[in-house]
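Reviewing the structure listed below.
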Amino acid sequence: MKKPNLSILINTLSQGGAERVVSTFLPMLVRDYNVTLCLCYDIISYPIPKEVKTVILRNGQIQTNPLRKITELILIRKKYLKFLKTSKIEYSISFLALCNIVNGFANKKLSNIKTIISERCYPSLMYRSSRATWFIANYIMPKYYNANDILFSNSIEINKDLNANFGIDIPMEVIYNPIVISTFTKEYSDNNPDKFSLVNVGTIYFTKNQKLILETINDTANKSIQLTVFGDGPQQIELEKYSEDSNVSDQVKFAGRITNVAERLIEHDCFILSSNNEGFPNVLLEAMSVGLACISTNCLSGPLELLNDNEPIKINQGEFAFAKYGLMINVGDKIGLSKAINYYKENPTKLKEFGLLAYNRAKDFEVEKIYHQLKNLIEN
């Protein structure tokens, strides 16, 4: 039986949440479809299965100037439309805003194609970065998003926001990010550790708010607490200086980007997601998938869905709350974070218990289960 032709459109395959999701799905998709990966720019950080054809739509660097972005969008739209026609694509899946707009244009121009778009961030928060971005979100997104057949995101709250604040009224589903359950799992001792090791993974900038963890360590003044931050970003120099000025540089290590995330996570005692907002925090799910006890801010969106089955949770300021699969604090709450860290540190049996709860919860997002949902969305 001939496989249907399917294309995936995304800006790049660089290191990032949406890009990681695409790379995880590709080995599954090639079993059922003739897959072409269409990248707007030639930036590739993840392996691509040999069965996948790769098409690069534009040469050169990604444009950040709003006017040049619009010009690039027009050129990418033209090239992608031509590709869809000549390759007789039946299903076109796109990820992230600009590619979703291109996919909507394609749906308007072509018959006999199903276009599926995926939103990966909480739009009311993320698209306020500039006036140009906010204009696109309010006036261009609704027109072209609504031209597609269906949308899926990785959070219930994202879909609610798209409908309520951006007028997106096409069918919307939630398909959570997939995870390959690691063969590496954390083994906890039943004794209080001499040193308590925290870990954070992500781009170092305001939204991820790693400064919250540094400030908490500084305020706590407990030299047994250590922090490793994996990643880099525009706020790294500022945070390195803060750690030196605050005399906690001997407790904090900025370890750069890594590829063997699972192996490095289990070297630590507790994962902390300190974000001000998220779409769906892959790194939190990765930490859970190796059985690492977690603390997370109750930010929009994703952590509540991962750690408490999306059931509302009351967290008093200056305190932490027990979710089903980890501990949660309010966004930006240093006192709450300090108490949560200390709770895990002083209760090794609870640390071990929450690590196991997190690991079992992560199995709900195993790639085969999530891929079945995606395949059903594509074909039905």
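Residue numbers 4 to 383, in the numbering used here, belong to the letters of the sequence shown in order. Ideal placement from N, C-alpha and C gives every residue a C-beta, glycine not left out. The structure presented is a predicted model; accordingly, all values stated were derived computationally and were not measured.
From the options, pick the residue whose C-alpha is nearest to that of residue i; which is it?
i, options, result
"Ser341", "Leu60, Phe233, Ile228 and Gly358", "Ile228"
"Ile65", "Val33, Asn103 and Thr15", "Thr15"
"Thr57", "Tyr44, Ile46, Leu40 and Glu243", "Leu40"
"Asn225", "Leu303, Ala361, Lys378 and Ile344", "Ile344"
"Ala290", "Gly282, Arg267 and Ser304", "Arg267"
"Phe187", "Ile116, Asn363, Phe28 and Ile269", "Ile269"
"Thr300", "Glu122, Gly294 and Leu309", "Leu309"
"Ala135", "Leu295, Lys72 and Ser292", "Lys72"
"Ser17", "Pro50, Val286 and Ile318", "Pro50"
"Asn162", "Asn149, Ala150 and Val177", "Val177"
"Phe98", "Asn151, Ser133 and Leu78", "Asn151"
"Asp193", "Pro351, Glu369 and His375", "Pro351"
"Lys88", "Val24, Leu113, Ser278 and Ser252", "Leu113"
"Tyr142", "Ile153, Asn157, Phe169 and Asn62", "Phe169"
"Asn311", "Gly236, Val204, Asp367 and Arg260", "Asp367"
"Cys273", "Tyr191, Asn62 and Asp336", "Tyr191"
"Ala365", "Met331, Ser304, Val286 and Gly335", "Val286"
"Asp235", "Asn263, Gly205, Val251 and Asp248", "Gly205"
"Lys353", "Leu76, Ala326 and Tyr374", "Ala326"
"Phe155", "Val24, Ser249, Val251 and Gly329", "Val24"
"Ala21", "Met4, Ala100 and Leu60", "Ala100"
"Pro126", "Val105, Asn110 and Asn157", "Asn157"
"Phe233", "Val370, Ile116 and Phe257", "Phe257"
"Tyr3", "Ile318, Pro306 and Ile338", "The structure shown does not extend to residue 3, since the chain is modelled only from 4 to 383, so the question has no answer here."
"Arg288", "Val370, Lys317, Asp253 and Lys85", "For clarity, residue 288 is Leu in the given sequence; the question names Arg instead. Taking only the C-alpha atoms, the option nearest Leu288 is Val370."
"Arg260", "Asp336, Ser48, Glu349 and Pro30", "Ser48"
"Val55", "Arg61, Asp45, Tyr44 and Val38", "Val38"
"Lys189", "Pro284, Asn363 and Glu241", "Asn363"
"Gly19", "Lys337, Phe283 and Gly339", "Phe283"
So the alpha helix (DSSP H) residue i belongs to, where does it begin and stop?
i, result
"Gln239", "Gln239 to Asp248"
"Gln376", "Val370 to Glu382"
"Ile344", "Lys337 to Glu349"
"Ser97", "Here Ser97 belongs to no alpha helix (DSSP H); instead the beta strand (DSSP E) covers Tyr94 to Phe98."
"Phe187", "From DSSP, Phe187 is part of no alpha helix (DSSP H); its letter is neither H nor E."
"Leu32", "Gly20 to Leu32"
"Leu128", "Pro126 to Met129"
"Ala135", "Arg134 to Phe138"
"Tyr142", "Careful: Tyr142 lies outside any alpha helix (DSSP H) and carries neither H nor E."
Quick check on DSSP: helix, strand or coil for residue i?
i, result
"Met175", "strand"
"Cys297", "strand"
"Leu113", "coil"
"Arg61", "strand"
"Asn203", "strand"
"Phe233", "strand"
"Lys5", "coil"
"Ala224", "coil"
"Glu270", "coil"
"Phe209", "coil"
"Leu287", "helix"
"Leu12", "strand"
"Leu165", "helix"
"Thr118", "strand"
"Phe86", "helix"
"Lys355", "helix"
"Ala365", "helix"
"Ile73", "helix"
"Lys214", "helix"
"Leu276", "strand"
"Ala150", "coil"
"Phe323", "coil"
"Lys56", "strand"
"Ile1", "In this structure the chain extends from 4 to 383, so residue 1 is not present and cannot be described."
"Ile79", "helix"
Assuming residue i is part of the beta strand (DSSP E), what are its boundary residues?
i, result
"Phe257", "Val255 to Gly259"
"Tyr44", "Asn37 to Tyr44"
"Ser156", "Ile153 to Ser156"
"Leu307", "Premise fails: Leu307 lies in the alpha helix (DSSP H), Pro306 to Asn311, not in any beta strand (DSSP E)."
"Ile332", "Leu330 to Ile332"
Using 8 angstroms for Cβ pairs, my map puts residue i next to residue j. What's the rounded Cβ distance?
i, j, result
"Val255", "Leu230", "5 angstroms"
"Gln238", "Phe209", "6 angstroms"
"Asn280", "Leu128", "5 angstroms"
"Ile171", "Pro145", "6 angstroms"
"Phe28", "Leu377", "7 angstroms"
"Ile153", "Ile173", "6 angstroms"
"Val264", "Asn221", "With 8 angstroms as the limit, Val264 and Asn221 do not qualify as a contact, their Cβ atoms being about 27 angstroms apart."
"Asn110", "Ile104", "Not a contact, Cβ separation roughly 11 angstroms."
Next item on the list: Report yes or no: do the region 5 to 22 and the region 92 to 106 share at least 3 C-beta pairs separated by less than 8 angstroms?
Entry: yes
Margin query: Any contact between the region 197 to 212 and the region 317 to 326? By contact I mean 3 or more CB pairs, one from each, below 8 angstroms.
Written below: no
Note to self: With three or more C-beta pairs closer than 8 angstroms as the rule, is the region 31 to 45 touching the region 116 to 126?
What the structure shows: The region 116 to 126 vs the region 31 to 45: no contact.
Notebook entry, point to check: Between the region 280 to 295 and the region 355 to 370, do three or more beta carbon pairs fall short of 8 angstroms?
Noted result: yes
Check: When the Cβ atoms of the region 169 to 184 are set against those of the region 206 to 222, are three or more pairs found closer than 8 angstroms?
Finding: no
Checklist line | the region 157 to 171 touching the region 229 to 243, judged by at least three CB pairs closer than 8 angstroms | finding: no
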